[in-house]
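For the sequence shown, the residue numbers in the numbering used here are 2 to 318. By construction, the Cβ of each residue, glycine as well, lies at the ideal position given by its N, Cα and C atoms. Working notes, structure below.
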Amino acid sequence: MPRPRRSEDMIVEIARLRYEQRLPQTEIARLLEISEATVSRALKSALDLGYIEFQVTPKAFRDAAAEQRLKAHLGLRLAVVVENRAGAHAPAETLGKAAARVIEDMLKSGDVLGVSDGATAAAIAAAARRPPARDLDVVALVGGVGAPEHYTHSSEVCRRLAAGLGAQAWQLPVPAIVDDADAARLLRATGTVRGVFSMMDRLAIAVVGVGAISATAMVFREGFIAPGKLEEIRAHGAVGTICGRFFGKDGKPVGTEFDDRTMSISLERLTRVPLSVAAALSPQKAEAIRAAVAGGLVNAVATDVETAEALMALPAG
Numbered sequence: 002m003p004r005p006r007r008s009e010d011m012i013v014e015i016a017r018l019r020y021e022q023r024l025p026q027t028e029i030a031r032l033l034e035i036s037e038a039t040v041s042r043a044l045k046s047a048l049d050l051g052y053i054e055f056q057v058t059p060k061a062f063r064d065a066a067a068e069q070r071l072k073a074h075l076g077l078r079l080a081v082v083v084e085n086r087a088g089a090h091a092p093a094e095t096l097g098k099a100a101a102r103v104i105e106d107m108l109k110s111g112d113v114l115g116v117s118d119g120a121t122a123a124a125i126a127a128a129a130r131r132p133p134a135r136d137l138d139v140v141a142l143v144g145g146v147g148a149p150e151h152y153t154h155s156s157e158v159c160r161r162l163a164a165g166l167g168a169q170a171w172q173l174p175v176p177a178i179v180d181d182a183d184a185a186r187l188l189r190a191t192g193t194v195r196g197v198f199s200m201m202d203r204l205a206i207a208v209v210g211v212g213a214i215s216a217t218a219m220v221f222r223e224g225f226i227a228p229g230k231l232e233e234i235r236a237h238g239a240v241g242t243i244c245g246r247f248f249g250k251d252g253k254p255v256g257t258e259f260d261d262r263t264m265s266i267s268l269e270r271l272t273r274v275p276l277s278v279a280a281a282l283s284p285q286k287a288e289a290i291r292a293a294v295a296g297g298l299v300n301a302v303a304t305d306v307e308t309a310e311a312l313m314a315l316p317a318g
């Protein structure tokens, strides 16, 4: 026999008072003028009916001591470091949830949040949920690399992050690297693309992936830059890449033949973002992350314990 609607409404109201407003059962009973036993039964029913669910929060997987050491070692404004515990979610998913909660707490109404492409940025986007802040904008910081429907594509990361935050999405509808400098200039002059780049001047927070100079970096893996150019770029002193831009050990831009063809935020512009978060997993990226911090490209890091340890084993700057 179906449960009466009035009874279901009461169960939901009791669950809301207990778990959203965090009122003790005695207070709920007093407010609703019912017995504590009725409150207890209603909460059990809410769980049985699937109206409430419990989960371990991302904060439980953060290593506070490692975060403080990493902040001190690199002089960071913010560090989010998650543990890789047995039985936990995949590191990217765990980090995505932890970083998303921190970013949500820092957003203020009217802020513009920039995001790159990549698996770690995509994990943060997937975990995003609506914060108290309103009138938010999310802007893609780099053109597309790979298939547009892939979860790591900049447009998809931007769309999912905006949807989770209840924000307006500003996707960059161009490839990350175009055929020549003239094409890049023409595209930048179009209304849509020009509007996206103008939004980048208003960034309050940026979340960017960091790549090492290796065949696994997206610009090489997806064929936007021929693999044969990898050693040439490395020979110029590049140790890392952010949004298709290359930088050296000091975090300064390393000039390449692709600079005028790259459709993304400039590294110089990135240094002026109040909070710029390097979201990256893998000890192999430690040198690139450290260089990005040294050059002021980022002032915050979201990573796992293994990568944090690799970073702390390197000189700070």
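Do three or more CB pairs link the stretch 230-237 to the stretch 140-158 at distances below 8 Å?
no
Would you call the stretch 155-164 and the stretch 132-145 touching, i.e. three or more CB-CB distances under 8 Å?
yes
In angstroms with no decimal places, state the Cα-to-Cα distance between VAL302 and ALA280.
Taking the first residue of the sequence shown as 1, we reach residue 302 at position 301. Taking the first residue of the sequence shown as 1, we reach residue 280 at position 279. Take the alpha-carbon of VAL302 and the one of ALA280: they are about 6 Å apart.
In angstroms, rounded to a whole number, what distance separates the CA positions of LEU18 and ILE53?
Here residue 18 corresponds to residue number 17 of the sequence shown, with the count starting at 1. Here residue 53 corresponds to residue number 52 of the sequence shown, with the count starting at 1. Rounded to the nearest angstrom, the two C-alpha atoms are 12 Å apart.
Nearest CA to the CA of GLY210: which residue from VAL116, SER41, ALA99?
Within the sequence shown, numbered from 1, the residue matching residue 210 stands at position 209. Minimum Cα distance to GLY210 is reached at VAL116.
In three-state DSSP terms, what is ARG186?
The residue labelled residue 186 in the question sits at position 185 within the sequence shown. DSSP places ARG186 in helix when its eight states are reduced to three.
Straight-line CA distance for THR27 to LEU44?
Counting from one through the sequence shown, the residue named residue 27 turns up at place 26. Counting from one through the sequence shown, the residue named residue 44 turns up at place 43. Answer to the nearest angstrom: the Cα atoms are 13 Å apart.
Give every residue of the same chain whose Cβ lies closer than 8 Å to the Cβ of GLU269, excluding the five residues on either side of it in the sequence, and list them in chain order.
What you label residue 269 is simply residue 268 of the sequence shown in a count that begins at 1. Cβ contact annotation for GLU269 (same chain, cutoff 8 Å, sequence separation greater than five): PRO254, in chain order.
Beta-carbon within less than 6 Å of GLU288's beta-carbon, same chain only, minus the 5 sequence neighbours each way: which residues are those?
For the purposes of this step, residue 288 is taken as the residue at position 287 of the sequence shown. Closer than 6 Å at Cβ, skipping near neighbours: VAL240.
What is the C-beta distance between ALA141 and LEU173, in whole angstroms, given that I count them as a contact (C-beta under 8 Å)?
As a first step, residue 141 is located in the sequence shown; it is residue number 140 there, counting from the start. As a first step, residue 173 is located in the sequence shown; it is residue number 172 there, counting from the start. The pair is a contact, with the Cβ atoms about 4 Å apart (cut-off 8 Å).
According to the neighbour-count rule (16 or more other Cβ atoms, all chains shown, within 10 Å of its Cβ), is SER36 buried or exposed?
Translated into positions along the sequence shown, residue 36 becomes position 35. Counting Cβ neighbours within 10 Å, SER36 comes out exposed, since fewer than 16 surround it.
According to DSSP, ARG63 sits in a beta bridge with which residue or residues?
Taking the first residue of the sequence shown as 1, we reach residue 63 at position 62. Beta-bridge pairing links ARG63 to VAL83.
Please name the residue or residues paired with ASP138 in a DSSP beta bridge.
Reading the sequence shown from its first residue, position 137 is the one you call residue 138. According to DSSP, which records beta bridges pairwise, ASP138 is partnered with VAL113, GLN169.
Here's a check: name, in chain order, each residue in its chain whose Cβ is nearer than 7 Å to the Cβ of ILE290, leaving out the five neighbours to either side.
By one-based count along the sequence shown, residue 290 stands at place 289. VAL211, ALA279, ALA281, VAL302, LEU312, listed in sequence order.
Using a Cβ-Cβ cutoff of less than 6 Å, which residues in the same chain neighbour GLY204 once the five nearest sequence positions on both sides are dropped?
Taking the first residue of the sequence shown as 1, we reach residue 204 at position 203. It should be pointed out that residue 204 corresponds to Leu in this sequence rather than to Gly. Here the set comprises VAL113, GLY115, VAL274.
Name the DSSP beta bridge partners of ASP305, please?
For the purposes of this step, residue 305 is taken as residue 304 along the sequence shown, with counting starting at 1. Bridge partners of ASP305: VAL83.
Best match in MET11, LYS109, HIS74, ALA177 for proximity to LEU276 [C-alpha to C-alpha]:
Locating residue 276 in the sequence shown gives position 275, counting from the first residue. For LEU276, the nearest C-alpha among the options comes from LYS109.
Counted within 10 angstroms of its Cβ, other Cβ atoms place GLY252 as buried (16 or more) or exposed
In the sequence shown, residue 252 corresponds to position 251, counting from 1. Buried: at least 16 other Cβ atoms inside 10 Å.
Going by DSSP, which residues form a beta bridge with PHE247?
Numbered from its first residue, the sequence shown carries residue 247 at position 246. Answer by DSSP bridge pairing, in chain order: THR242.
With a Cβ-Cβ cutoff of 7 Å, do VAL81 and THR95 count as a contact?
In the sequence shown, the residue the question calls residue 81 occupies position 80. In the sequence shown, the residue the question calls residue 95 occupies position 94. Their beta carbons are not under 7 Å apart, which means VAL81 does not touch THR95 by this criterion.
Starting from VAL208, trace the beta strand (DSSP E) in both directions and tell me its first and last residue.
The count along the sequence shown starts at 1 and reaches residue 208 at position 207. Its beta strand (DSSP E) spans residues 204-209.
In whole angstroms, give me the CA-to-CA distance for ASP138 and ALA207.
The sequence position of residue 138 within the sequence shown is 137, counting from 1. The sequence position of residue 207 within the sequence shown is 206, counting from 1. About 12 Å.
Assigned secondary structure, SER283 (DSSP; H/G/I helix, E/B strand, else coil):
Taking the sequence shown and counting its residues from 1, the one referred to as residue 283 is at position 282. In this structure, SER283 counts as coil in the three-state DSSP scheme.
Spatial neighbours of THR263 within its chain, please: CB distance less than 7 Å, with the 5 preceding and 5 following residues excluded, ordered by chain position.
Here residue 263 corresponds to residue number 262 of the sequence shown, with the count starting at 1. So the qualifying residues of the chain are ALA177, ILE178, GLY245, ARG246.
Would GLY238 and GLY249 be called neighbours here (beta carbons separated by less than 7 Å)?
Within the sequence shown, numbered from 1, the residue matching residue 238 stands at position 237. Within the sequence shown, numbered from 1, the residue matching residue 249 stands at position 248. Yes, the Cβ-Cβ distance between GLY238 and GLY249 is below 7 Å.
If the criterion is Cβ atoms closer than 7 Å, does the pair ALA124 and ALA93 meet it?
Locating residue 124 in the sequence shown gives position 123, counting from the first residue. Locating residue 93 in the sequence shown gives position 92, counting from the first residue. Contact flag set, yes.
Closest Cα partner of ILE266 within the set ALA317, ILE214, MET200:
For the purposes of this step, residue 266 is taken as residue 265 along the sequence shown, with counting starting at 1. It is MET200.
Reduced DSSP category for LEU271 - H, G, I as helix; E, B as strand; rest coil
Sequence index remark: in the sequence shown, residue 271 carries index 270 (1-based). Note: LEU271 maps to helix in three-state DSSP.
When the Cα atoms are used, what is the spatial distance from ILE226 to GLU307?
Translated into the one-based positions of the sequence shown, residue 226 becomes position 225. Translated into the one-based positions of the sequence shown, residue 307 becomes position 306. Going from the Cα of ILE226 to the Cα of GLU307 covers about 30 Å.
Pull the bridge partners of LYS277 from the DSSP assignment, please.
On the sequence shown, residue 277 is found 276 positions in, with the first residue counted as 1. Per the sequence shown, the amino acid found at residue 277 is Ser instead of Lys. BP columns for SER277 point to ALA207.
Which residue marks the beginning of the alpha helix (DSSP H) containing LEU44, and which one marks its end?
Numbered from its first residue, the sequence shown carries residue 44 at position 43. Here the alpha helix (DSSP H) through LEU44 covers 37-49.
For THR27, three-class secondary structure by DSSP
The count along the sequence shown starts at 1 and reaches residue 27 at position 26. Correct three-state label for THR27: helix.
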